[in-house]
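Asker: There's a structure below that I have some questions on.
2 protein chains.
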Amino acid sequence: MTPMQGRPTEGAGAAGTGGASRGDTVAAVVGQWQAVHPELDTGPMEIIGRVNRCAALLQQAEDAPLRRAGLSRPEFDLLGALRRTGHELTPSELARETFSSGAAVTKRLKQLTERGLVERRGDTRDRRVAHVRLTDAGRDLVDAILPEQLAYESAVLEVLDPPSQGELSALLAELLGRLEGHMGALRA
Amino acid sequence: MTPMQGRPTEGAGAAGTGGASRGDTVAAVVGQWQAVHPELDTGPMEIIGRVNRCAALLQQAEDAPLRRAGLSRPEFDLLGALRRTGHELTPSELARETFSSGAAVTKRLKQLTERGLVERRGDTRDRRVAHVRLTDAGRDLVDAILPEQLAYESAVLEVLDPPSQGELSALLAELLGRLEGHMGALRA
DNA sequence: CGGAAATGATTTACAGGTAAAACACATGCT
DNA sequence: AGCATGTGTTTTACCTGTAAATCATTTCCG
Chain A
386 MTPMQGRPTE
396 GAGAAGTGGA
406 SRGDTVAAVV
416 GQWQAVHPEL
426 DTGPMEIIGR
436 VNRCAALLQQ
446 AEDAPLRRAG
456 LSRPEFDLLG
466 ALRRTGHELT
476 PSELARETFS
486 SGAAVTKRLK
496 QLTERGLVER
506 RGDTRDRRVA
516 HVRLTDAGRD
526 LVDAILPEQL
536 AYESAVLEVL
546 DPPSQGELSA
556 LLAELLGRLE
566 GHMGALRA
Chain B
386 MTPMQGRPTE
396 GAGAAGTGGA
406 SRGDTVAAVV
416 GQWQAVHPEL
426 DTGPMEIIGR
436 VNRCAALLQQ
446 AEDAPLRRAG
456 LSRPEFDLLG
466 ALRRTGHELT
476 PSELARETFS
486 SGAAVTKRLK
496 QLTERGLVER
506 RGDTRDRRVA
516 HVRLTDAGRD
526 LVDAILPEQL
536 AYESAVLEVL
546 DPPSQGELSA
556 LLAELLGRLE
566 GHMGALRA
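Chains as they are written, first to last, in our numbering: chain A, 386 to 573; chain B, 386 to 573.
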């Protein structure tokens, strides 16, 4: 879907499906590609492009509540992992939980420790490993931000009626479940 | 959806919707949150979390064909914008088309110019503006990569049957269209 | 026991992005 | 004309992530 990122200046057709709002930017981009390469099947672009664009827009919007608390999203993801699991996690566990590299976790932990949001303690058995846990301040911060976050997300998603939200959620769950299963099997 | 990024080690319930593969990672994370904060409405997380996670997985997978050509995704997006519009674009137009900052475009243009994929020419009227176009090599590269890209995307998406792909595409189009319309109206 | 290999975490060097400032030029107003 | 203001682009300083190398420790076995 990479080649479809973009906001074409002059609309290139793209007849609306339902009839409400006219085409999104992805439809316009796909139209441009179709005009240049009519033989290509642009179907995949319409899905992958929209997923990416939605993710970008939603993240941008979502940043607002977090920034008020002085947290970046990756930082909040890390704190959230500690909060939702309810117990201490090692840096490598945090890396897996947040889908990020160990080096990135190390850096974030340094900052979050300085800010007094997490604490570290060494393992008594294996002195290589560290155990990280939320401080009271960290836990309170997460608990304060999370409801704001969810409320904001809820408001943003209200552009879709509840039944559509349900269908979308289910389709994405199926796609994600299978992607997570099959990933790594493909090597083009 | 921020707080839901993660891959819980121990599954926390999450009954499957249809019945095929058991829950995705998002369902597991949501389950963990529910256990800690049962009063929260985690509905939004299920959508936004999945959108983000799908985007991450799809991008990661998609990188393969591009990297073989020695291009990053943002670089290819820039070349693609030039190819699909069919005419020259100024740096600021490229920034809008690729949803990136002007500074980022400047850097990419420098590299792509050095590699001989794009050319610049100054405007004769307004000497502030530059016009960027693909070189023959740049155009050929895009035309060579695009079909590979689409074929690969198509293969990845085959985890969903065609009707589901259609529904997903339509729902995402509606969500994206409205988000693009309403964005900026919300300030939480 | 003792050295080789593995593992957890951190450090280093670097690539890439952004915001804000700086530049270069054009445009509008008087 | 002449100067303030605006616009297009680039530069600067900085921040964050990554891959690869490093360090410290444990585990595996002969």
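The beta-carbon is built from N, C-alpha and C at its ideal position, and this holds for glycine as well.
Please read all numbers here as calculations on a predicted model, not as lab measurements.
Check for me: the beta strand (DSSP E) holding D412 of chain B runs from which residue to which?
Answerer: Reading the sequence as shown, one finds Ala at residue 412 of chain B and not Asp. Looking at the DSSP string, A412 of chain B is not in any beta strand (DSSP E); the run it does join, the alpha helix (DSSP H), is T410 to V421.
Asker: Is it buried or exposed for R435 of chain B, if we count other Cβ within 10 angstroms and need 16 for buried?
Answerer: By the 10 Å Cβ count, R435 of chain B comes out buried.
Asker: Any idea if G487 of chain A is buried or exposed, counting beta-carbon neighbours within 10 angstroms, 16 or more meaning buried?
Answerer: It counts as exposed.
Asker: Unbroken alpha helix (DSSP H) runs of length 4 or more, entirely within the segment 451-501 of chain A: which are they?
Answerer: If we require 4 residues or more, the alpha helix (DSSP H) runs fully inside the segment 451-501 of chain A come out as 458-470, 476-482 and 487-499.
Asker: From H567 of chain A to A480 of chain A, what distance separates their C-alpha atoms?
Answerer: Those two C-alpha atoms are separated by around 21 Å.
Asker: Which residue wins for smallest C-alpha separation from L467 of chain A, given the options A:P459, A:V414, A:C439 and A:R524?
Answerer: Closest option to L467 of chain A, Cα to Cα, is A:R524.
Asker: Take V541 of chain A and list the residues in its own chain whose beta-carbon comes closer than 6 Å to its own, dropping the five residues that flank it on each side.
Answerer: A446.
Asker: Taking Cβ-Cβ distances shorter than 8 Å, what residues in chain B pair up with V652 of chain A?
Answerer: This structure gives no information on residue 652 of chain A, because the portion of chain A shown stretches from 386 to 573.
Asker: Nearest CA to the CA of D546 of chain B: which residue from A:P423, A:G471 and A:G428?
Answerer: With distances taken between Cα atoms, D546 of chain B lies closest to A:G428.
Asker: If you measure from the beta carbon of R438 of chain B to each beta carbon in chain A, is any gap under 8 Å?
Answerer: So yes, R438 of chain B belongs to the interface.
Asker: Give me the residue from B:G465, B:L526, B:E482 and B:V415 with the minimum Cα distance to M430 of chain B.
Answerer: Looking at the Cα atoms, B:V415 is the closest of the given residues.
Asker: With a cut-off of 8 Å, do at least 3 Cβ pairs link the segment 507-526 of chain A to the segment 469-478 of chain A?
Answerer: Touching, per the Cβ criterion.
Asker: Which same chain residues end up closer than 8 Å to E460 of chain B when comparing Cβ atoms and leaving out the 5 residues on each side of it in sequence?
Answerer: Counting only Cβ-Cβ distances below 8 Å, and skipping sequence neighbours, we find R493, Q496 and L497.
Asker: How big is the Cα-Cα spacing for Q417 of chain A and A441 of chain B?
Answerer: Looking at the two C-alpha atoms, the distance is approximately 25 Å.
Asker: Measure from the C-beta of H516 of chain A to each C-beta in chain B and report whether the shortest distance is under 8 Å.
Answerer: No, its Cβ sits nowhere closer than 8 Å to a Cβ of chain B.
Asker: Find the residues of chain A that neighbour S549 of chain B, judging by a C-beta separation of less than 9 Å, and give them in chain order.
Answerer: Under the 9 Å cutoff, chain A gives L556, E559 and L560.
Asker: Considering only DSSP beta bridges, list what E543 of chain B is partnered with.
Answerer: None; E543 of chain B has no bridge partner.
Asker: If we cut at 8 Å on Cβ distances, does S477 of chain A have a partner in chain B?
Answerer: Cβ-Cβ to chain B under 8 Å: no for S477 of chain A.
Asker: Strictly below 7 Å CB to CB, what residues from chain A border P429 of chain B?
Answerer: Within chain A, the residues near P429 of chain B are L535, E538, S539 and L542.
Asker: How is V436 of chain B classed by DSSP in three states: helix, strand or coil?
Answerer: It is helical.
Asker: In chain A, which residues lie with their C-beta within 8 Å of the C-beta of T410 of chain B?
Answerer: Result: L561 and E565.
Asker: For L425 of chain A, does the three-state DSSP call read helix, strand or coil?
Answerer: Here L425 of chain A sits in coil by DSSP.
Asker: Quick one: residues in its chain with C-beta nearer than 6 Å to the C-beta of R500 of chain B, no 5 flanking neighbours on either side, listed in chain order?
Answerer: Nothing listed; no residue qualifies.
Asker: Using the rule of at least 16 other Cβ atoms within 10 Å of the residue's Cβ for burial, across every protein chain shown, is D409 of chain A buried or exposed?
Answerer: So D409 of chain A counts as buried.
Asker: Whose C-beta lies closer than 8 Å to the C-beta of A489 of chain A among residues of the same chain, with five residues either side of it excluded?
Answerer: So the list reads P459 and A480, once near-sequence residues are dropped.
Asker: Less than 8 Å between the beta carbons of L425 of chain B and V527 of chain B, yes or no?
Answerer: In this structure, V527 of chain B does not lie closer than 8 Å to L425 of chain B by Cβ.
Asker: Within 8 Å of any Cβ in chain A, is that where the Cβ of Q496 of chain B sits?
Answerer: Not an interface residue.
Asker: Give every residue of the same chain whose Cβ lies closer than 6 Å to the Cβ of R506 of chain A, excluding the five residues on either side of it in the sequence, and list them in chain order.
Answerer: Answer for R506 of chain A: H516, listed in chain order.
Asker: Looking at the C-beta of A522 of chain A, does it have a partner C-beta in chain B at a distance below 8 Å?
Answerer: So no, A522 of chain A is outside the interface.
Asker: V544 of chain A: which of B:C439, B:I432, B:Q444 and B:L456 sits nearest, CA to CA?
Answerer: Measuring from the Cα of V544 of chain A, the nearest candidate turns out to be B:I432.
Asker: Whole angstroms is fine: what's the gap from T470 of chain A's alpha carbon to L556 of chain A's?
Answerer: Rounded to whole angstroms, T470 of chain A to L556 of chain A spans 27 Å at the Cα level.
Asker: If you draw a straight line from the C-alpha of V503 of chain B to the C-alpha of T491 of chain A, how long is it?
Answerer: If you take the alpha carbons of V503 of chain B and T491 of chain A, they lie about 39 Å apart.
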